[in-house]
Amino acid sequence: MSFDLDALRRAVAAHGRVARVVVAEVAGSAPREVGASMLVWAGGQSGTIGGGALEFEAARQAFTRNGLTRHPLGPELGQCCGGAVTLLTEHYDANNLPEGEVIARGPGEMPLAVRRVLDRARARGETPAPQLVQGWMVEPVSPSALPVWIWGAGHVGRALVSVLSPLPGLALTWVDTAPERFPDEIPEGVTALPAPHPEQAMALAPRITAHLVLTYSHELDLALCHAALRHGFAFCGLIGSDTKWARFRRRLSALGHASARIDAICCPIGQKDLGKHPQAIAIGTAGQILRLQKGMDRAWPTHSSASGA
């Protein structure tokens, strides 16, 4: 787990004052691990610290608490986990957003043990685990979010957005040909991009993007695959059957793409054995994206070279 600074910045930009609640310490059995966090704002929240009653109370009191609080899960909240959780609640707005690759904060002068953790991070490139050290909370900052562009707002596109949007470390852009193609409500943090000619929007995507192509039109799918091969990508997945992919391979080859490059496109996306229901396709595809994300994390660019204190 790590400090998702991108998510905090987006929440502050959208909602102003935001409370962040993080699991700082765990004793015994608990619903989530140290570093699990959630953001709370007036009228909403994102992320989870787990535990039902624990999360409900933490969200309810997010703006009346500040600092460390300890919660015995059984005696205080009636939960069967049997352990105790220490939470750190902090309030952020545009004026006090943290910076750095490791965020360390606490009361008084920084303890020597915390300085040693930060020194190891700077000198050796070691990423510290989230931890509470002598009353100071130390958290590594999450790598920059993996851009995921979802091309198509039909049934599968909507299922993918519903599955992927709650996951940390992903920046979702959702593309279709017209505003009316999208649902009335789009999840927090998802950017909707109406584009009459979606293939022309491919140039806007970073080259480290994961593309999921699943529009209403085979011709549009082909144009997007062609544009993706010309532009470059970290991952490109296409919905379709073996027959569709065989035809696309021939047509992409005729458009001048080498077989090795065409092979970089994954078709079909998801897991065949899960079935063809949109939600099943979305679950299988989410697994592909999570494996890609975890594989790229070590080499992913970070936010800043300075350590927070």
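In terms of my numbering, the sequence shown is residues 59 to 367. Glycine included, each C-beta is placed from N, C-alpha and C at the ideal position.
**OP:** Confirm, please, whether the CB-CB distance from V81 to V143 is below 8 Å.
**Re:** yes
Subject >> Range covered by the alpha helix (DSSP H) that runs through H276 >> reply: 276-289
Original post:
What do you reckon, are the CB atoms on E246 and S104 nearer than 8 Å?
Top reply: Taking 8 Å as the Cβ cut-off, E246 and S104 qualify as a contacting pair.
Subject >> Helix, strand or coil at I347 [DSSP, three-state] >> reply: I347 falls in the helix class under three-state DSSP.
Subject >> Buried or exposed by the 16-neighbour rule on C-beta atoms within 10 Å, applied to H335 >> reply: exposed
Original post:
Taking DSSP as the reference, what is the three-state secondary structure of R305?
Top reply: helix
Original post:
Run through DSSP, which three-state label would R356 get?
Top reply: For R356, the pLDDT reaches just 44, beneath the cut-off of 50, and the residue's location in the model is therefore unreliable, although a value from the coordinates is still provided. Correct three-state label for R356: helix.
Original post:
Going by other Cβ atoms of all chains shown within 10 Å of its Cβ, with 16 needed for buried, is G101 buried or exposed?
Top reply: exposed
Subject >> R356, buried or exposed, once every other Cβ within 10 Å from all chains shown has been counted against 16 >> reply: Confidence at R356 is low in this model, with a pLDDT of 44, below 50, so its placement is unreliable and no value can be given for it.
Subject >> Validate contact between the stretch 330-349 and the stretch 206-216 using beta carbons, cut 8 Å, 3 pairs >> reply: Short answer: they touch.
Original post:
Are there 16 or more other CB atoms within 10 angstroms of the CB of S299, so buried, or fewer, so exposed?
Top reply: exposed
Original post:
Relative to the C-alpha of A72, which residue among W303, D151, L287, H255 is closest?
Top reply: D151
**OP:** Pick out whichever of L230, L313, W207 has its Cα sitting closest to the Cα of F291.
**Re:** Of L230, L313, W207, the residue nearest in Cα terms is W207.
Original post:
From E257 to P169, what does the alpha carbon distance come to, in whole angstroms?
Top reply: So the two alpha carbons sit approximately 54 Å from each other.
**OP:** Please name the residue, chosen from S220, E83, L296, L204, that lies closest to R353 on a Cα-to-Cα basis.
**Re:** The question names Arg, but residue 353 in the sequence shown is Gly. Nearest option by C-alpha distance: L204.
Original post:
Looking at the structure shown, is F293 part of a helix, part of a strand, or coil, going by DSSP?
Top reply: In the three-state scheme derived from DSSP, where H, G and I count as helix and E and B as strand, F293 is classed as strand.
Original post:
Comparing alpha-carbon positions, which option in L63, R68, G108 lies nearest V380?
Top reply: Any property of residue 380 remains undetermined from this structure, which presents the chain solely from 59 to 367.
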